[in-house]
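Peer 1: Pasting in a structure now, in structure tokens, and then I'll have a few things to ask.
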Amino acid sequence: MSRLDRCCYSHVYTLNLASSIWIDATMLLSDHNPLLINFRDLHWESNIPNNLHKIPLRLNHAWLQTSLFKSKVDILIQQVLYLEISTCMKWEFLLAGLQEVIRECGKYFAITLTKAKVEAERMIFCITEKVDSRHLLSETEYMRLCDAYRCLHLIENNAIQSSKVRTTCTEVNDLHANSKCFFDLLRAKHLKDVITALEVDGSTLQDGNSISAICTQHFQNLFAASFKTHDAWFSSLQDALAFTPQVLDSYMADAYEKEITEEEVFKALQSLKNEKAPQIDGITKEFFIAFWPSLKTLVMDVCNEIWGDQKMPYSFKLGKIKLLPKVEVPKRMGDWRPITMMSIIYKIFANIFALRLKLIIHKVVHPSQTMFINRRSIYDNIFLTQILMEHASLSNQQIVGMQIDFEKAFDHIRWDFIVIVLKRLGFKTKFSRLIYILAQDSTSQVEINGTLSNPFPIERSVRQGCPLSPLFYALASSPNIFLRSTSIPSTRKDLKIEKGTVFHHLGYPFGLNASTKDKIEWYLSRVRCKMDLRHVVQWSMHARIRIVQAFLHPYVMYYLLLLDWKKCPSYF
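Under UniProt numbering, read the sequence shown as residues 1 to 572, first letter to last.
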């Protein structure tokens with residue numbers, strides 16, 4: 001080697017003094033074959049910039065209609081497109097620059113709205129005093145008064161719209177006014193997500209720091225891999241997969257290896273829900289739609305670069321775990337469901353392949369798997385359960401039915417298992433390794449009472465919040481269904497269930513020799529229980545009725561859809 005050219009750049013690339021981003025690939029700056037020298041192995045935490053904004057500034061959708069914000073974003077996009085760097089780097093530059101635009105526009109609009117509010121209130125006060133003095137208003141003064149009230153109304157609606165996003169109560173129209181009822185609901189929604197006490201090993205923790213440490217450690221252990229792939233595991237897995245057929249031919253498998261098109265990107269974007277809270281990077285679907293003509297080429301190139309390199313930058317995969325309560329009064333860690341919020345570019349990329357999978361997944365997954373599958377419904381298994389129980393009763397068969405729920409099914413699944421199952425079903429190597437693109441070397445942070453924990457590595461699980469997670473789980477669970485030759489020897493005898501006992505499966509009451517009256521009474525007791533939970537004394541009766549309608553209407557309709565009406569007349 002005649003000379004040593006510039007070697008390699010660090011994993012962290014500084015944009016400016018105020019912001020830093022992560023580059024998940026070594027930037028080779030040499031124009032010759034580079035010599036890569038590894039001086040020491042760094043722990044993954046040491047590669048994360050300390051001055052990253054943990055919670056990015058959020059975009060106000062009202063700004064999308066202003067010429068100031070649109071012009072600043074258009075200029076930023078054009079500057080990014082002319083950069084001679086990789087497309088993923090361009091996207092990082094865009095996010096960093098957009099944060100600066102949001103900061104500048106936020107200050108400008110805050111000052112402007114404050115001045116407008118003060119001026120409108122001053123105008124209303126002056127004209128009101130004139131009216132109180134029994135002076136007639138001229139047409140010009142009346143128009144000014146109307147304009148002042150209209151200005152205050154717009155400012156109030158802007159604040160209410162932001163509150164609606166935080167409360168996710170977009171269906172309860174009567175609560176949209178600037179009322180005590182609405183803001184009581186806002187505070188109640190906020191307090192519901194706050195962990196004030198936590199039961200751990202028989203003791204109750206109430207200190208915020210202790211609760212934060214326990215929650216972080218819990219999820220760090222949950223997503224840590226407690227296994228190693230070895231020959232015995234691989235051999236036993238191959239034996240189990242012997243019953244799983246290959247269902248995809250080479251032509252169908254090739255369709256999943258192709259490049260990503262602009263049409264696929266736009267469909268993936270459109271399929272995201274509207275009026276959702278900003279993602280972890282602060283960007284929303286509405287922002288993409290507003291600037292789609294300028295962004296479409298960049299977004300498509302970013303997705304194709306990830307797909308071609310089979311690698312996604314670290315910042316794209318950084319997730320924020322939001323804890324949602326499973327029960328009305330959560331006390332233990334198991335009472336909270338972790339939902340991972342991902343960046344918007346991650347969701348678009350994952351959604352592209354989710355839409356590809358949905359076209360044929362009903363042909364790949366066993367017919368008894370009805371959840372998450374296109375052209376199938378969860379009602380299918382409920383009706384099947386009814387038919388089996390009626391058949392057993394009419395034919396005098398003695399049977400036992402069990403409902404088995406896998407504990408932390410999404411969280412315990414192994415990535416290498418998903419890859420092996422996908423290959424067995426007929427998918428090719430590139431698509432089979434899609435889970436590695438989305439999950440390998442990824443990290444998450446837990447949001448606890450409004451603060452974020454330090455990032456910790458994710459070594460297993462499919463994230464609840466990723467569009468591909470339910471489809472991956474459905475595909476990975478297929479071998480269980482195909483294991484028809486496996487039998488479970490009976491070890492218990494004389495297992496009896498009292499006649500007339502009402503139990504439920506997927507929210508619907510069942511029971512051998514249980515009367516329709518008992519089933520309806522069981523259901524009504526559940527409805528009364530839910531209605532009691534919605535009873536708030538300080539709310540008006542009309543507001544409580546609207547809330548009951550919004551929350552309980554789907555629950556009632558679900559039951560009525562499944563009710564056996566032939567047996568109901570005897571009860572009514």
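Every residue, glycine too, gets a C-beta built ideally from N, C-alpha and C.
Quick one: Cα of Gln-99 to Cα of Leu-357, how far?
Peer 2: Walking along the sequence shown from the start, residue 99 turns up at place 99. Walking along the sequence shown from the start, residue 357 turns up at place 357. Taking the straight line joining both Cα atoms gives about 34 Å.
Peer 1: Take Gln-403 as the anchor and find which of Thr-385, Glu-390, Ile-418 has the nearest alpha-carbon.
Peer 2: Within the sequence shown, residue 403 is the residue found at index 403, counting from 1. Minimum Cα distance to Gln-403 is reached at Thr-385.
Peer 1: Any chance the segment 339-356 sits against the segment 260-269, with 3 or more Cβ pairs inside 8 Å?
Peer 2: Yes, the segment 339-356 touches the segment 260-269.
Peer 1: Assign Cys-146 to one of two classes, buried (16 or more other C-beta atoms within 10 Å of its C-beta) or exposed (fewer than that).
Peer 2: Within the sequence shown, numbered from 1, the residue matching residue 146 stands at position 146. By the 10 Å Cβ count, Cys-146 comes out exposed.
Peer 1: How big is the Cα-Cα spacing for Met-557 and Ile-260?
Peer 2: Against the sequence shown, residue 557 aligns to sequence position 557. Against the sequence shown, residue 260 aligns to sequence position 260. Near 40 Å, if we compare the C-alpha coordinates of Ile-260 and Met-557.
Peer 1: Is the CB-CB distance between Ile-306 and Ile-437 below 8 Å?
Peer 2: For the purposes of this step, residue 306 is taken as residue 306 along the sequence shown, with counting starting at 1. For the purposes of this step, residue 437 is taken as residue 437 along the sequence shown, with counting starting at 1. Yes, they are a contact pair.
Peer 1: Considering only DSSP beta bridges, list what Leu-323 is partnered with.
Peer 2: Residue numbering aside, residue 323 sits at position 323 when the sequence shown is read from its first letter. Pro-338, per the DSSP bridge assignment.
Peer 1: What is the DSSP secondary structure of Ile-378, reduced to helix, strand or coil?
Peer 2: For the purposes of this step, residue 378 is taken as the residue at position 378 of the sequence shown. The answer is coil: DSSP assigns Ile-378 none of H, G, I, E or B.
Peer 1: Per DSSP, what kind of secondary structure is Pro-34 in: helix, strand or coil?
Peer 2: Translated into positions along the sequence shown, residue 34 becomes position 34. Per-residue confidence for Pro-34 stands at a pLDDT of 42, beneath the threshold of 50, marking its modelled position as unreliable; no derived number is given.
Peer 1: What do you get for Ser-469, buried or exposed, if any count of 16 or more other CB atoms within 10 angstroms of its CB means buried?
Peer 2: Here residue 469 corresponds to residue number 469 of the sequence shown, with the count starting at 1. With 16 or more other Cβ atoms within 10 Å, it is buried.
Peer 1: Go ahead and pull the three-state DSSP assignment for Thr-128.
Peer 2: Here residue 128 refers to the residue found at position 128 of the sequence shown. Helix, per DSSP.
Peer 1: Under the three-state reduction of DSSP, which class applies to Phe-456: helix, strand or coil?
Peer 2: Against the sequence shown, residue 456 aligns to sequence position 456. Reduced to three states, the DSSP call for Phe-456 is strand.
Peer 1: Check whether the Cβ atoms of Ser-315 and Glu-92 lie closer than 8 Å to each other.
Peer 2: On the sequence shown, residue 315 is found 315 positions in, with the first residue counted as 1. On the sequence shown, residue 92 is found 92 positions in, with the first residue counted as 1. In this structure, Glu-92 lies closer than 8 Å to Ser-315 by Cβ.
Peer 1: Within 10 angstroms of its Cβ, does Gly-308 collect 16 or more other Cβ (buried), or is it exposed?
Peer 2: In the sequence shown, counting from the first residue as 1, residue 308 sits at position 308. So Gly-308 ends up on the exposed side.
Peer 1: Assign Tyr-319 to buried or exposed, taking buried as 16 or more other Cβ atoms, counted over all protein chains shown, within 10 Å of its Cβ.
Peer 2: Here residue 319 refers to the residue found at position 319 when the sequence shown is read from its first residue. Reading off the sequence, residue 319 comes out as Gly, not Tyr. By the neighbour-count rule (16 or more Cβ atoms within 10 Å), Gly-319 is buried.
Peer 1: Which of the three DSSP states is assigned to Leu-248 in this structure?
Peer 2: The count along the sequence shown starts at 1 and reaches residue 248 at position 248. In this structure, Leu-248 counts as coil in the three-state DSSP scheme.
Peer 1: From which residue to which residue does the beta strand (DSSP E) around Val-446 run?
Peer 2: Start at 1 with the first residue of the sequence shown, and residue 446 comes out as number 446. Start and end: 442-448.
Peer 1: Look up Gln-65 in the DSSP assignment and say whether it is helix, strand or coil.
Peer 2: On the sequence shown, residue 65 is found 65 positions in, with the first residue counted as 1. In the structure shown, Gln-65 sits in a helix (DSSP, three-state: H, G or I).
Peer 1: Can you look up Asn-51 in the DSSP assignment and give me helix, strand or coil?
Peer 2: Taking the sequence shown and counting its residues from 1, the one referred to as residue 51 is at position 51. The predicted position of Asn-51 is uncertain, since its pLDDT is 38 and thus under 50; a value taken from the coordinates is nonetheless stated next. In the structure shown, Asn-51 sits in coil (DSSP, three-state: anything other than H, G, I, E or B).
Peer 1: So the beta strand (DSSP E) Ser-210 belongs to, where does it begin and stop?
Peer 2: One-based indexing of the sequence shown puts residue 210 at position 210. No beta strand (DSSP E) holds Ser-210; the alpha helix (DSSP H) holding it covers 208-222.
Peer 1: By alpha-carbon positions, which one of Val-327, Ser-343, Ile-344 ends up nearest to Trp-336?
Peer 2: Residue numbering aside, residue 336 sits at position 336 when the sequence shown is read from its first letter. For Trp-336, the nearest C-alpha among the options comes from Val-327.
Peer 1: According to DSSP, what are the bridge partners of residue 586?
Peer 2: Missing from the structure shown is residue 586; the chain here goes from 1 to 572 and no further.
Peer 1: My output table needs one value for Gln-369: the three-state DSSP class, helix, strand or coil.
Peer 2: The residue given as residue 369 occupies position 369 in the sequence shown. Residue state, collapsed to three classes: coil.
Peer 1: What is the C-beta distance between Glu-141 and Ile-127, in whole angstroms, given that I count them as a contact (C-beta under 8 Å)?
Peer 2: Position 141 of the sequence shown, counted from the start, is the residue given in the question as residue 141. Position 127 of the sequence shown, counted from the start, is the residue given in the question as residue 127. The pair is a contact, with the Cβ atoms about 6 Å apart (cut-off 8 Å).
Peer 1: Can you tell me whether DSSP reads Lys-79 as helix, strand or coil?
Peer 2: Locating residue 79 in the sequence shown gives position 79, where the first residue counts as 1. Residue identity check: residue 79 is Gln in the sequence provided, not Lys. Of the three classes helix, strand and coil, the one that applies to Gln-79 here is helix, per DSSP.
Peer 1: Would the C-beta of His-412 count as close to the ligand HEM, meaning under 7 Å from any of its heavy atoms?
Peer 2: You won't find the ligand HEM in this model; it holds no ligand whatsoever.
Peer 1: If we ignore side chains and look at the alpha-carbon of each, how far apart do Cys-215 and Gly-465 end up?
Peer 2: Translated into the one-based positions of the sequence shown, residue 215 becomes position 215. Translated into the one-based positions of the sequence shown, residue 465 becomes position 465. Cα-Cα distance, rounded: 19 Å.
Peer 1: Considering His-135, what are the terminal residues of the alpha helix (DSSP H) in which it resides?
Peer 2: Residue mapping note: residue 135 aligns to position 135 of the sequence shown, counting from 1. Note, His-135: premise wrong, no alpha helix (DSSP H); not H, not E.
Peer 1: Compute the Euclidean distance between the alpha carbons of His-366 and Leu-452, then round it to the nearest angstrom.
Peer 2: By 1-based counting over the sequence shown, the position of residue 366 is 366. By 1-based counting over the sequence shown, the position of residue 452 is 452. About 40 Å.
Peer 1: DSSP state of Gln-464, grouped into three classes?
Peer 2: As a position in the sequence shown, residue 464 is number 464, starting the count at 1. Gln-464 falls in the strand class under three-state DSSP.
Peer 1: Beta carbon of Leu-248, beta carbon of Phe-417: below 8 Å?
Peer 2: As a position in the sequence shown, residue 248 is number 248, starting the count at 1. As a position in the sequence shown, residue 417 is number 417, starting the count at 1. No, Cβ-Cβ distance for Leu-248 and Phe-417 is not below 8 Å.
Peer 1: Exposed or buried, which one is Leu-471 when buried takes at least 16 other CB atoms within 10 Å?
Peer 2: What you label residue 471 is simply residue 471 of the sequence shown in a count that begins at 1. Result: buried.
Peer 1: Is it right to say Met-312 is buried, meaning 16 or more other beta carbons lie within 10 angstroms of its own, or is it exposed?
Peer 2: Here residue 312 refers to the residue found at position 312 when the sequence shown is read from its first residue. The residue in question, Met-312, is buried, as its Cβ has 16 or more Cβ neighbours within 10 Å.
Peer 1: Rank Ser-444, Leu-81, Gln-440 by C-alpha distance to the C-alpha of Val-302 and give the top, closest one.
Peer 2: Taking the sequence shown and counting its residues from 1, one reaches residue 302 at position 302. Of the candidates Ser-444, Leu-81, Gln-440, the one whose C-alpha sits nearest the C-alpha of Val-302 is Leu-81.
Peer 1: Following the continuous alpha helix (DSSP H) through Thr-297, name the residue where it begins and the one where it ends.
Peer 2: Here the question's residue 297 lines up with position 297 in the sequence shown. Looking at the DSSP string, the run of the alpha helix (DSSP H) that includes Thr-297 is 292-309.
Peer 1: Less than 8 Å separating the beta-carbons of Asp-411 and Ser-461?
Peer 2: The sequence position of residue 411 within the sequence shown is 411, counting from 1. The sequence position of residue 461 within the sequence shown is 461, counting from 1. Contact flag set, yes.
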